[in-house]
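These protein sequences, in sequence, are chains B and V.
Take the position in the first sequence, starting the count at 1, then add 525; the result is the number in this note's numbering.
Take the position in the second sequence, starting the count at 1, then add 11; the result is the number in this note's numbering.
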Amino acid sequence: MLIKLAGGKVYDPANNIDGEIRDIYIRDGAIVDTPPASEPVHRSYPLDGKIVMAGAIDLHTHIGGGKVNIARTMLPEDQRGHTRERTALTRSGGGHAAPSTLTAGYRYAEMGYTTCFEPAILPVNARQAHMEMADTPMLDTGGYAMLGSDELLLQLMAEGAEQETINDYVAWTLHASQCIGIKVVNPGGISAFKFNTRELDVDDSHPYYPITPRDIVRTLSRALTDLGVPHPLHVHASNLGVPGNFSSTLATMDAAEGLPIHLTHIQFHSYGAEGDRKFSSSAAQIVEAVNRQPNISMDIGQIMFGQTITVSGDTMRQHANHGHAHPNKWTCMDIECDAGCGVVPFRYRDQNFVNALQWAIGLELFLMMDDPWRVFLTTDHPNGAPFTSYPHLIRLLMDRSFRNDLLAQINPDAAASSHLGSLDREYSLYEIAIMTRAAPARILGLADRGHLRPGAIADITVYHPADNPEKMFEKPMLVFKDGQVVVEEGRITRPVKGSTQVVRPEYDRGIEKRLSRWFDRYHSIKLQNFRISDDEMAEGIGSPVSIHPCDRKRTA
Amino acid sequence: MWNTRIETVMSEVTCPGCGLSCDDLRLEMDNGQLKSLENGCALARSHYSSAFDTASKGAEIKGKGVSLEAALDYGAELLSSAHNPLFAGLATDVNGMRATLELADRCGASLDHMNGDALFRNIRVMQDSGWFTTTFTEARNRADLIVLGGKQWIDRFPRLIERILHPAESLFSPPDDRQFVLLGPWDAAALPDELQRLSPQVIPMQLEQLSDTASLLRGLIAGRPVNARSLGNSVGSQLEELAGQLKAARYSVVSWSAAELDFPHAELTIQNLVDLVKDLNRTTRSAALPLAGTLADTTSNQVCTWQLGYPLRTGLQRGYPEHDPILNRYQDLLKRQEADLLLWLSSLSPQAHPPATDAPTIVLGHPGMAFDNAPDLYIPTGIPGVDHPGHWYRGDSVCPLPLGQLRESALPAVSQVMTALNDKLQHFAGL
Ligand code: SF4
Ligand SMILES: [Zn+2]
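(1) Which residue spans inside the segment 145-228 of chain V form an unbroken alpha helix (DSSP H) run of at least 4?
(2) What in chain V is Cβ-close to B:W855, meaning under 7 Å?
(3) Tell me whether the segment 864-882 of chain B and the segment 890-900 of chain B touch, counting them as touching only if at least three CB pairs, one residue from each stretch, are closer than 8 Å.
(4) Pull up the DSSP beta-bridge partners for B:L530, would you.
(5) Between the segment 277-294 of chain V and chain B, which residues of the former have a C-beta closer than 9 Å to a C-beta of the latter?
(6) Just the Cα atoms here: how many angstroms apart are B:F878 and V:I165?
(7) Nearest chain B C-beta to V:M21 closer than 8 Å, yes or no?
(8) Using a C-beta to C-beta distance shorter than 9 Å, which residues of chain B count as neighbours of V:I134?
(9) Which residues, taken in chain order from the segment 705-720 of chain B, show a beta carbon closer than 9 Å to some beta carbon of chain V?
(10) Just to confirm the assignment, what range does the beta strand (DSSP E) spanning V:R296 have?
(11) Just list the residues that DSSP pairs B:A864 with in beta bridges.
(12) Can you tell me the Cβ-Cβ gap for B:I811 and B:S822, rounded? I've got them flagged as a contact below 8 Å.
(13) Alpha carbon to alpha carbon, how far is B:T737 from B:A1081? Give it in angstroms, no decimals.
(14) If contact means a Cβ-Cβ distance below 7 Å, which residues of the segment 304-321 of chain V contact chain B?
(15) Residues in its own chain within less than 8 Å of B:S772 by CB, not counting five upstream and five downstream?
(16) Short of 7 Å Cβ to Cβ, which residues in the segment 329-343 of chain V face chain B?
(17) Whole angstroms is fine: what's the gap from B:T640's alpha carbon to B:A781's?
(18) Can you pull the chain V neighbours of B:H1048, defined as C-beta to C-beta under 7 Å?
(19) So what does DSSP say about B:R609, is it helix, strand or coil?
(20) Under a CB-based cut-off of 8 Å, is B:C641 close to chain V?
(21) CA-CA distance, V:L306 and V:S420?
(22) Compute the Euclidean distance between the alpha carbons of V:E173 and V:N50, then round it to the nearest angstrom.
(23) By how many angstroms is the C-alpha of B:N594 removed from the C-alpha of B:R1079?
(24) By DSSP, does V:H443 sit in helix, in strand, or in coil?
(25) Whether or not the segment 907-917 of chain B and the segment 972-982 of chain B are in contact is what I'm after, with contact meaning three or more pairs of Cβ atoms, one per stretch, closer than 8 Å; do they touch?
(26) Does the beta-carbon of V:F147, which I'm using as the reference point, lie nearer than 7 Å to any heavy atom of ligand 1?
(27) For ligand 2, is there a heavy atom less than 7 Å away from the beta-carbon of B:H794?
(28) For the segment 271-344 of chain V, which segments carrying the alpha helix (DSSP H) assignment without a break, of at least 4 residues, lie completely within its bounds, in sequence order?
(29) Any heavy atom of ligand 2 within a distance shorter than 7 Å of the CB on B:N908?
(30) Quick one: is the Cβ of V:F1 within less than 7 Å of any heavy atom of ligand 1?
(31) Which two residues bound the contiguous alpha helix (DSSP H) that contains B:H700?
(32) Between which two residues does the alpha helix (DSSP H) carrying V:M137 extend?
(33) I'd like to know whether the C-beta atoms of B:N721 and V:T295 end up nearer to each other than 8 Å.
(34) Could you list the residues in the segment 644-673 of chain B with a C-beta less than 8 Å from some C-beta on chain V, going in chain order?
(35) In chain order, what residues of the same chain lie with their CB nearer than 8 Å to the CB of B:H851, ignoring the 5 residues before and after it?
(36) Of the residues B:H849, B:G673, B:Q883 and B:A958, which one's Cα is nearest the Cα of B:Y638?
Here's what the structure looks like:
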């Protein structure tokens, strides 16, 4: 069956197409070359200048895994206020900051998203994360496995294991947990907190092992480079949320020693300690450093005002912040000598100096960053705000007068201490398409999506052009998933299920012997049961894997 | 191990006998019969023998054998004529629960687990205040002071000592240096041998006193002027000492089994234990280790929470989930006659029978079930981890483990029955 999207205004930055009127053809779920005129078109969509982009990709959103279930459990009020009724096609559910899996999938699709990545999968909890994502319909998914506070890696490093051994362990983890990337959260800090250490800066030694966060960042980024894993080490840096933490963030960039790293929710890591309140924006220093170092990319983790819940593997920082919980309840958990999690509900207030400045800092970072290929649109859902605020965020980036109107309403001292008012930049649709499609696909090594070249899977979003970008992005006219229309005018018309995106770097399987011995001695699970097989993904968990290539073979 | 291939010897099998989910079992089969079982405890033995003792059997309508097809038709008919069905029991694997929730959404059913009372003693604390917990591997390697409330844990979680409390090896806390404190109705002179070997400190008390004990400890730790001797001189001095031990411990673990705390407002006891742990974390490290997971309570609750956004005790009558941890207790829904159909799900134990009720009753259950009063419909289902592969959660909630298949079986999985019922209802609805 041949489908034609006729006459849309296409934004496809991966192919340098900036708002040109083009036809797009789809066959068997994929985008194909313009067929010979003789070939019959089975279905044609006259788009007549509607905006056409690839399906959007969210590279950092907490949509699966134990911590989200803890958040759901802790906030029944979040469900109660946002119910979603069952329809003939869709299941019931609800929630705003911590939506049910089905609701999350429907809402993402209704905003034109087709692929999402859970950035904090504890390898020991990977089954649950994949099960939840398998129950998040409409989307292809994937995840980043957390390493860097697991006692096994720290022990290997402390014993002076060869980089080669570490590489094998990292590769084994990617295979075993069915992940596409590796994330490090407060490097070494989750483990250090279990030893009652409450602060760990980049060059502080871990309380038990003679290694520093710097060593961990360097070793893991080296491992991913050696293994040819496309996605750089995904780094949640040290000292999240601490005034003055920009220096830790700069030191973390430095720790990569020129190898690729991705700094996530960098807004939470761009704080100075200047001024009367000892809290200030260091967005300028951060952006200057990122602009200068092409090995570094970042996503923002923009905050929005209102109620949300913060979920993080960073028990050290979540525990330190529990006094800010709103409503007043919080959970922390130490997990399996693997990592941990902390869940703290939070309400960002526009009249609160710190919250207002956090909002401004996020926008400063977006607007000062020169290269849209190295900055990604996230709210670190739900930590800065629920993902449903993306259309609003896009308007803030595209509409300077709207932005300035809101700036005038926030805490005046915060507004006065931010450069935001002086930043004239307005993002173009082309740049938005880079940030939400082309660049995430590129940085994750997904050659099959994020663009509209023949060969790509036909994940396509069509928007009604509108003066107000928020209106445009919150309700697409059509969403195609694998070549089928799944959303019309912002409503699900065909529920579908996706697959799990993974990479499979080569490694020496001899490492399993060593790991297995360690598991037998110390763990409460057998290595054999820790590992998730492809059959299990497809038949048991309910999301078959789709394997993306690694860049190069392991160096001998 | 996720398998569909059955070997004579299966090793590293996960046991669903209790929430510890030991995954080191080795089973040897001979012609579909269990020949030997290694590493499992007595509870595991009884779980697997009751599984292997029952052969496959067919569905029954009011005690009379019928084909599966006829049973499904009848089940769909009962479901479609019910206005307020109750899906309870819910002892099943992850895929069983997924399919159950899909059907519940279609039928507007209410949901509760057979262990709902125990489950919600813990959940209500999470909902009200959150908590600070740890997991098995973490406790095994890190705990230097272990405080155990109650005494049933030793029977409910038979390998807890061997696997977690006093393992052969540990990364950071030598097992022989650990201190154990027992708070509960123990007789210090008559401890079970394996417990005696740990030389625990016994502070005898009634379960109902645990709550005051935790409050007193909090007061002592905070340096507030509390009178520990209000619980008696001997207990009081022991608690004063315990407060000091807790403050000095590098990583204390406080554990209980909510099922044992079977008295009114036991959630307040748990709240106090959780607050004690949270207080300790101001200066040192401490974590709670709630023991749970029996008969898949953790499993079905986890799946429910991600799919519906709420834990169990949620109803779907109005087309969207509504949660009430008190009103939706299954025993009370039946007593108040607010349910006009009971669908009882019990695929793990032949003993977990449905409650007596006037409402028509469908049982999807263990093939070894025998009824005094035959339910309206009984569909014997496969035992997860024996008749079909599946997933099940350990009691510490973070580790869903694969359950392998051990024998060829004609019994349908709960997920298959639920999906078939759902398809039939969809057909009725003309969709
Ligand atoms: S302790 Fe529990 S999980 Fe372990 S073997 Fe016994 S019944 Fe099975
Ligand atoms: Zn995050």
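Note that the Cβ used here is the ideal one computed from N, Cα and C, for glycine as well.
Based on what the coordinates show:
(1) Qualifying alpha helix (DSSP H) stretches, in chain order: 147-153, 164-167 and 204-207.
(2) Here residue 855 of chain B is taken as the residue at index 330 of the first sequence, counted from 1. The answer, in chain order, is G141.
(3) Between the segment 864-882 of chain B and the segment 890-900 of chain B, the count of Cβ pairs shorter than 8 Å is below three; the stretches do not touch.
(4) For the purposes of this step, residue 530 of chain B is taken as residue 5 along the first sequence, with counting starting at 1. According to DSSP, which records beta bridges pairwise, B:L530 is partnered with B:I549 and B:Y570.
(5) Listed in sequence order: K289, N292 and T294.
(6) As a first step, residue 878 of chain B must be located in the first sequence, where it is residue number 353. As a first step, residue 165 of chain V must be located in the second sequence, where it is residue number 154. One C-alpha to the other measures close to 53 Å.
(7) Translated into positions along the second sequence, residue 21 of chain V becomes position 10. It does not: the Cβ of V:M21 has no partner Cβ on chain B nearer than 8 Å.
(8) Along the second sequence, read from residue 1 onward, the residue named residue 134 of chain V stands at position 123. The answer, in chain order, is T598.
(9) Residues of the segment 705-720 of chain B with a Cβ closer than 9 Å to any Cβ of chain V, in chain order: F718, K719 and F720.
(10) In the second sequence, counting from the first residue as 1, residue 296 of chain V sits at position 285. R296 to L302 is the span of the beta strand (DSSP E), which, as asked, contains V:R296.
(11) Residue mapping note: residue 864 of chain B aligns to position 339 of the first sequence, counting from 1. Partner(s): B:I860.
(12) Walking along the first sequence from the start, residue 811 of chain B turns up at place 286. Walking along the first sequence from the start, residue 822 of chain B turns up at place 297. About 13 Å separates the two Cβ atoms, so there is no contact after all.
(13) Position 556 of the first sequence, counted from the first residue, corresponds to residue 1081 of chain B. Position 212 of the first sequence, counted from the first residue, corresponds to residue 737 of chain B. A caution first: B:A1081 carries a pLDDT of 37, below 50, which makes its placement in the model unreliable, though a value can still be read off. Answer to the nearest angstrom: the Cα atoms are 27 Å apart.
(14) Along the segment 304-321 of chain V, going in chain order, the ones with a CB nearer than 7 Å to a CB of chain B are Q313, T316, W317, Q318, L319, G320 and Y321.
(15) If you number the first sequence from 1, residue 772 of chain B lands on position 247. Nothing meets the Cβ criterion.
(16) Taken in chain order, the members of the segment 329-343 of chain V whose beta-carbon sits within less than 7 Å of a beta-carbon on chain B are G330, Y331, P332 and H334.
(17) Residue 640 of chain B sits at position 115 when you count from the first residue of the first sequence. Residue 781 of chain B sits at position 256 when you count from the first residue of the first sequence. A direct Cα-to-Cα measurement between B:T640 and B:A781 gives close to 28 Å.
(18) Here residue 1048 of chain B refers to the residue found at position 523 of the first sequence. Residues of chain V passing the Cβ test: T148.
(19) Within the first sequence, the letter at position 84 stands for residue 609 of chain B. In this structure, B:R609 counts as strand in the three-state DSSP scheme.
(20) Locating residue 641 of chain B in the first sequence gives position 116, counting from the first residue. Under the Cβ distance rule, B:C641 does not count among the residues neighbouring chain V, no pair being separated by less than 8 Å.
(21) What you label residue 306 of chain V is simply residue 295 of the second sequence in a count that begins at 1. What you label residue 420 of chain V is simply residue 409 of the second sequence in a count that begins at 1. A straight-line Cα-Cα distance of about 21 Å links V:L306 and V:S420.
(22) Position 162 of the second sequence, counted from the first residue, corresponds to residue 173 of chain V. Position 39 of the second sequence, counted from the first residue, corresponds to residue 50 of chain V. When the Cα atoms are used, V:E173 and V:N50 turn out to be separated by approximately 11 Å.
(23) Here residue 1079 of chain B is taken as the residue at index 554 of the first sequence, counted from 1. Here residue 594 of chain B is taken as the residue at index 69 of the first sequence, counted from 1. Summary for B:R1079: the model assigns pLDDT 43, below 50, so the residue's position carries little reliability, and this model does not support an answer.
(24) With chain V running from 12 to 442 in the structure shown, residue 443 of chain V is simply not present.
(25) The segment 907-917 of chain B and the segment 972-982 of chain B do not touch, with fewer than three beta-carbon pairs separated by less than 8 Å.
(26) The residue given as residue 147 of chain V occupies position 136 in the second sequence. Relative to ligand 1, even the nearest heavy atom lies 7 Å or more away from the CB of V:F147.
(27) Within the first sequence, numbered from 1, the residue matching residue 794 of chain B stands at position 269. Taken from the Cβ of B:H794, every heavy atom of ligand 2 lies 7 Å or farther away.
(28) As far as the segment 271-344 of chain V is concerned, its whole alpha helix (DSSP H) runs of at least 4 residues are 277-291 and 308-319.
(29) In the first sequence, counting from the first residue as 1, residue 908 of chain B sits at position 383. At least one heavy atom of ligand 2 is nearer than 7 Å to the Cβ of B:N908, so yes.
(30) Because chain V is modelled from 12 through 442, residue 1 of chain V falls outside the range shown and cannot be assessed.
(31) For this step, residue 700 of chain B is matched to residue 175 along the first sequence. It spans Q688 to S702 - the alpha helix (DSSP H) in which B:H700 sits, taken as one unbroken run.
(32) As a position in the second sequence, residue 137 of chain V is number 126, starting the count at 1. Start and end: G127 to D139.
(33) By 1-based counting over the first sequence, the position of residue 721 of chain B is 196. By 1-based counting over the second sequence, the position of residue 295 of chain V is 284. Judged by beta-carbon spacing, V:T295 lies within the 8 Å limit of B:N721, meaning their Cβ atoms are closer than that value.
(34) Against chain V - using a Cβ distance shorter than 8 Å - the residues of the segment 644-673 of chain B are L647, V649, N650, R652, Q653, M656, E657 and D660.
(35) For the purposes of this step, residue 851 of chain B is identified with residue 326 of the first sequence, where counting begins at 1. These residues qualify, in order along the chain: Q832, P870, F871 and R872.
(36) Indexing the first sequence from 1 puts residue 638 of chain B at position 113. If we check each option's Cα against that of B:Y638, B:A958 comes out closest.
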